[in-house]
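Chains P and W, in that order, give the protein sequences.
Under this note's numbering, the residues of the first sequence are numbered 5 to 404, in order.
Under this note's numbering, the residues of the second sequence are numbered 362 to 497, in order.
Positions of the beta carbon are idealized from the N, C-alpha and C atoms, including for glycine.
Okay, so here's the structure we're looking at.
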Amino acid sequence: MIDEPTRGLDEGALRALVPRVLAGLVRRGEDFDAAEDALQEALLEALRVWPEHPPRDPRAWLATVATRRLVDARRSEVARYRREEAAYAQPRPPVTEEGDDTLLLLFCCCHPDLAPASQVTLTLRAVGGLTTREIADAFYVPEATMAQRISRAKRTLRGRRLDQPGDLAVVLRVLYLVYTAGHAGRVDLAGEAIRLARQLTLATEEPEARGLLALMLLNHARLPARLDPAGRIVTLDRQDRGRWDTREIAEGVRVLQSALAVARPGRYQVEAAIAALHDDAACAEETDWPQILAWYDDLVALTDDPVHQDPAAVLGRAVAVGHVLGAAAGLRETDRLREVLGDRHRWHAVRGHLHELAGDLPAAGAAYADAARRATNVAERDHLVRQAARARAAEAPAGA
Amino acid sequence: MPKYLLLKHYRGGPQPYRPFPPMDQWAPEDVEAHMAFLRHVGELLKKNGEYVDGQALTPTRTWVRYGGPDAAPVTTDGPLPETSDLVAGWYMIDVDSYERAVELAAYVSSEPGPGGEPLYEWIDVREVMSGAPSQD
Chain P
5 MIDEPTRGLD EGALRALVPR VLAGLVRRGE DFDAAEDALQ EALLEALRVW
55 PEHPPRDPRA WLATVATRRL VDARRSEVAR YRREEAAYAQ PRPPVTEEGD
105 DTLLLLFCCC HPDLAPASQV TLTLRAVGGL TTREIADAFY VPEATMAQRI
155 SRAKRTLRGR RLDQPGDLAV VLRVLYLVYT AGHAGRVDLA GEAIRLARQL
205 TLATEEPEAR GLLALMLLNH ARLPARLDPA GRIVTLDRQD RGRWDTREIA
255 EGVRVLQSAL AVARPGRYQV EAAIAALHDD AACAEETDWP QILAWYDDLV
305 ALTDDPVHQD PAAVLGRAVA VGHVLGAAAG LRETDRLREV LGDRHRWHAV
355 RGHLHELAGD LPAAGAAYAD AARRATNVAE RDHLVRQAAR ARAAEAPAGA
Chain W
362 MPKYLLLKHY RGGPQPYRPF PPMDQWAPED VEAHMAFLRH VGELLKKNGE
412 YVDGQALTPT RTWVRYGGPD AAPVTTDGPL PETSDLVAGW YMIDVDSYER
462 AVELAAYVSS EPGPGGEPLY EWIDVREVMS GAPSQD
């Protein structure tokens, strides 16, 4: 057997230390930007050194090496700008005394002045403890590009007050973005998002944080059945439910129940409830569509003008309407969205599904083909082409 | 080693050797065979050490030009948006020779179509200019 160099190194445990060490440095008065850079260097060194020489106290090791890097960086700057020396000697006021490390850093990384892509990358590095290379791999961009994006994001934050509680809604959105970015490259971003959301639920009582964690768990549980061995998409109604992760479903349901018990509903809790109902059905025919429709009614009621503010919810509801009140009623619901979503592949795919439900295969084939032309993802495009071909073949028996 | 782009087109190029309908009108098993072949091409190129990149493009195109100072960019979907040449995607390969690039392009073009017959699709082979100055 080959002895792998990283054997014995628990990368997950190492990365979990990153936000704690970083928050410690920031609390001590270090600049977020410089501290984050120094810690990234310490992390790279840990990945190199620890497999051979595991430290006795990993957290202290990281803090010490990062501090040394900060001192080095400062010295070289001091050499260049001697007159700034006094400024460095003055300790800055601690950023915050109380509160959880993770929350503090998530608020920094999800600062409203940053663009969503920057919020995502900064969160993955500063809170997730990923290296720049890993983040670059996950988003299929060159490492230099990702490094540049990170340093630009941090430049934006320079001079901003980072001691104020931030907007939790933004943090939740960023974590959901990380989740939906999927799992390209070596890093499982969905798993990473779940880990971050779990940390967040330890730091805040807000039920929507738990709703988000539940939603991720309940969707992630179906992941093993979502693609076949050839990488083809398998739709929910055809999935092998025996391959769903029952442990994740159980945890998701538990987390959701504790959130709903607070009686402050929000969109993530409602979406998690819908996911839970799908997970609960032993087969597609047993899906409790009337209950799902009731939750969709709650979801669209969260906004004043759902067609424009939350068209995805209206589209999801149209599917439920189709299953409860009939395909024609579902199609009528999608008509309201034509102006807003008529150019999106998902709108056409849902109509294909509803036409199929109604037994109108020519219309279903045409709608799936329209959806395929608008898809922006190869796996989804291929899936929609297959759906179109399948519907058309069923309409014209073989040999015709 | 020279790099080449093997470009696939939604439309444009020489007269099709054998016209074929859009894939969503093929028999489902022919669609499967076609997609499996393209997956196999990607894997083969990787196994050979000839693969650099492979991407697919959506069929939506926007032509854009500078609008002038203080003006918004000018956009159009082009002259003859229904018939003009439109790239669908590519393989970028790093191979020993032009001959090898042609051989691989012909192999891609043998992809199965309706009834399992080869598509004979025209593949556009373009050499990528090297960034490094010549050593000789």
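is_contact[residue i, chain W] using C-beta, thresh 9 Å
i: P:Asp-241; result: no
i: P:Gly-235; result: yes
i: P:Val-389; result: yes
i: P:Asp-232; result: no
i: P:Ala-393; result: yes
i: P:Thr-380; result: yes
i: P:Arg-342; result: no
i: P:His-142; result: It should be pointed out that residue 142 of chain P corresponds to Ala in this sequence rather than to His. No - not a single Cβ of chain W is within 9 Å of the one on P:Ala-142.
i: P:Arg-385; result: yes
Segment limits, beta strand (DSSP E) that includes residue i
i: P:Thr-184; result: P:Thr-184 -> not in any beta strand (DSSP E); alpha helix (DSSP H) instead, spanning 172-184.
i: W:His-370; result: 364-372
i: W:Met-453; result: 447-455
i: W:Glu-488; result: 485-489
i: W:Val-425; result: 424-426
i: W:Thr-436; result: 435-437
Boundaries (first-last residue) of the alpha helix (DSSP H) holding residue i
i: P:Leu-410; result: Nothing about residue 410 of chain P can be read from this structure; chain P reaches only from 5 to 404.
i: P:Gln-261; result: 250-264
i: P:Gly-320; result: 315-329
i: P:Val-30; result: 15-31
i: P:Arg-236; result: No alpha helix (DSSP H) holds P:Arg-236; DSSP gives it neither H nor E.
i: W:Asp-414; result: It is not in any alpha helix (DSSP H) - W:Asp-414 instead sits in the beta strand (DSSP E) that spans 412-417.
i: P:Val-124; result: 120-130
i: P:Thr-149; result: 147-161
i: P:Gln-295; result: 293-304
i: P:Leu-388; result: 382-399
i: W:Ser-470; result: 459-470
i: P:Glu-212; result: 211-224
Euclidean distance between Cα positions of residue i and residue j
i: W:Arg-422; j: P:Arg-377; result: 12 Å
i: W:Gly-476; j: P:Arg-390; result: 16 Å
i: P:Tyr-92; j: P:Leu-74; result: For P:Tyr-92, the predicted structure reports a pLDDT of 45, less than 50, and the residue's modelled location is therefore unreliable. A value from the coordinates is still provided. Going by the C-alpha atoms only, they are around 11 Å apart.
i: P:Arg-394; j: P:Arg-230; result: 19 Å
i: W:Glu-464; j: W:Gly-374; result: 19 Å
i: P:Asp-302; j: W:Ala-388; result: 42 Å
i: P:Gln-94; j: P:Leu-118; result: The pLDDT assigned to P:Gln-94 is 42, lower than 50, so where the model puts this residue is not dependable; a value taken from the coordinates is nonetheless given after this. Each residue's alpha carbon lies about 29 Å from the other.
i: P:Glu-209; j: P:Leu-388; result: 41 Å
i: P:Val-131; j: P:Thr-106; result: 7 Å
i: W:Ser-491; j: W:Asp-414; result: 16 Å
i: W:His-401; j: P:His-115; result: 45 Å
i: P:Thr-305; j: P:Ala-322; result: The displayed chain sequence assigns Ala, not Thr, to residue 305 of chain P. Taking the straight line from one Cα to the other gives about 14 Å.
i: P:Thr-487; j: P:Val-354; result: The requested residue 487 of chain P does not occur in the structure, where chain P is confined to residues 5 to 404.
i: W:Tyr-378; j: P:Ile-237; result: 33 Å
i: P:Leu-200; j: P:Gly-170; result: 17 Å
i: P:Glu-56; j: P:Arg-177; result: 39 Å
i: P:Ala-218; j: P:Gly-270; result: 13 Å
i: W:Asp-391; j: P:Arg-226; result: 29 Å
i: P:Arg-63; j: P:Ala-392; result: 55 Å
i: P:Ser-122; j: P:Ala-157; result: 6 Å
i: W:Arg-487; j: W:Lys-364; result: 9 Å
i: P:Val-257; j: P:Ile-198; result: 15 Å
i: W:Pro-380; j: W:Trp-483; result: 11 Å
i: P:Thr-205; j: P:Ile-154; result: 26 Å
i: P:Gly-320; j: P:Gly-363; result: 20 Å
i: P:Arg-396; j: P:Glu-360; result: 11 Å
i: W:Gly-429; j: P:Asp-309; result: 38 Å
Cβ-Cβ distance between residue i and residue j below 9 Å
i: P:Val-53; j: P:Phe-111; result: no
i: P:Gln-263; j: P:Arg-202; result: Rather than Gln, the amino acid found at residue 263 of chain P in this sequence is Ala. Contact: no.
i: P:Gly-133; j: P:Val-22; result: yes
i: P:Arg-245; j: P:Ala-285; result: yes
i: P:Arg-344; j: P:Val-311; result: Contrary to the premise, residue 344 of chain P reads as Val rather than Arg in this sequence. Yes, the pair counts as a contact, with Cβ atoms nearer than the cut-off.
i: W:His-523; j: W:Val-448; result: Because chain W here runs from 362 to 497, residue 523 of chain W falls outside it and cannot be looked at.
i: P:Leu-222; j: P:Ala-280; result: yes
Residue-chain proximity (residue i, chain P), Cβ-Cβ < 9 Å
i: W:Asp-391; result: yes
i: W:Gln-386; result: yes
i: W:Lys-364; result: no
i: W:Ala-417; result: yes
i: W:Arg-422; result: no
i: W:Ala-397; result: yes
i: W:Pro-383; result: yes
i: W:Arg-372; result: no
i: W:Arg-400; result: yes
Residue i at chain A interface by Cβ criterion, 9 Å
i: W:Lys-369; result: Included in the structure are the protein chains P and W, with no chain A among them.
- prompt: Okay, do the segment 452-459 of chain W and the segment 371-389 of chain W touch, 3+ Cβ pairs below 8 Å being the bar?
  reply: no
So, does the segment 191-200 of chain P touch the segment 52-69 of chain P, judging by three or more C-beta pairs under 8 Å? no
Margin query: Below 8 Å, how does it come out for the segment 363-381 of chain P and the segment 440-454 of chain W: are there three or more Cβ pairs, yes or no?
Written below: no
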